[in-house]
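With the sequence shown counted from 1, adding 536 to any position gets you the working numbering.
Where is the CB? At the ideal position from N, CA and C, for every residue including glycine.
Note that the structure is predicted; figures quoted are calculated from it, not measured.
Here the structure is laid out as structure tokens; the discussion comes afterwards.
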Amino acid sequence: MSNATTKIAVHSLADLKNTTDDAVPNYMHSLKFRQIHTTTDVRLALGYTAVAISGALFYFDWKMGWDVTKPYTLPAVVAYFILNSLFSYWLWWVEAGAIYEGEGKTGKIRIATSTKKHIPIYEVDVTFTPAPASSNPPQTIHIRTPFTRWFTSDGYFVAKPFQQWLASEVPIVGAADPSNVVEEIGRGSETDKVLNATGANAMNILEQLKTAGKPSGGSSRRRKA
537 MSNATTKIAV HSLADLKNTT DDAVPNYMHS LKFRQIHTTT DVRLALGYTA VAISGALFYF
597 DWKMGWDVTK PYTLPAVVAY FILNSLFSYW LWWVEAGAIY EGEGKTGKIR IATSTKKHIP
657 IYEVDVTFTP APASSNPPQT IHIRTPFTRW FTSDGYFVAK PFQQWLASEV PIVGAADPSN
717 VVEEIGRGSE TDKVLNATGA NAMNILEQLK TAGKPSGGSS RRRKA
């Protein structure tokens, strides 16, 4: 059965990104990663609390009149603006584009994605901690590639090349899904990696995964995707 199941408008950068973003949790779930919702829950709590305060103030003002609710209006407005400011801070500086946080047998991972205006390149910042997390420091990589790697010309998303790209670029994903690690991925100019000072070990792991399936006997033939 074909993996091409979702058709979008190929000229819509938002559709390209959103469809790809939606594929990340599904793929990670298939690898037995458990999604962590703490960051999202905090954002939702801040947003819903601010809306609840404004809604309650409107309701009581409508039912009881201005004279009764006047003493509560100023504190409610102040609380609303504080919560709304915290919401904006959390969204832009804490979540910062994060679409997935999870934990599996191979470690913890946080994935944040973005695009630049009119440029169909998928930009991904990955922060991960290889297992065991208690004895390994967090590591960060930046990877990027064109959406054409996993979208067909008529707008269908194909899961297999996307999964291969992610498994081949992110060590703990590749460790969880070694069958999708492809040696050729990441060798060309389409993918840029930016590692922090602790990223050397991650790349060693990734190189071992990429070469694990190479034929013996000195053959230089590469694995097929």
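For Arg-579, the uninterrupted alpha helix (DSSP H) segment begins and ends at 574 to 600. By the Cβ criterion, the stretch 654 to 668 is in contact with the stretch 679 to 692, since at least three pairs of Cβ atoms, one from each stretch, lie closer than 8 Å.
Where Asp-661 is concerned, there is no enclosing alpha helix (DSSP H), although the beta strand (DSSP E) around it starts and stops at 655 to 666. Within its own chain, the residues whose Cβ lies closer than 6 Å to the Cβ of Gly-643, once the five positions on either side in sequence are excluded, are Phe-664, Thr-665, Pro-666, Ala-667, Ile-708, listed in chain order.
Around the beta-carbon of Pro-697, 16 or more other beta-carbon atoms lie within 10 Å, marking it buried. Counting only residues of its own chain and dropping the five nearest sequence neighbours on each side, His-565 has a CB closer than 8 Å to the CB of Gln-571. Beta-carbon to beta-carbon, Ile-589 and Ala-615 are separated by about 6 Å, close enough to satisfy the 8 Å threshold. The three-state reading of DSSP puts Ile-544 in coil, since its state is none of H, G, I, E or B.
Between the beta-carbon of Ala-712 and that of Leu-567 there is about 4 Å, and that keeps the pair under the 8 Å contact cut. The alpha-carbon of Gly-633 is positioned some 27 Å away from that of Ser-689. With respect to the C-alpha of Gln-699, the residue from Ala-550, Met-600, Thr-556, Val-587 having the closest C-alpha is Thr-556. Setting aside the 5 residues that flank it on each side, Thr-585 is surrounded in the same chain by Leu-619, each with a C-beta closer than 7 Å to its C-beta; the list follows chain order.
With respect to Leu-622, Leu-593 sits apart: the two C-beta atoms are not nearer than 8 Å.
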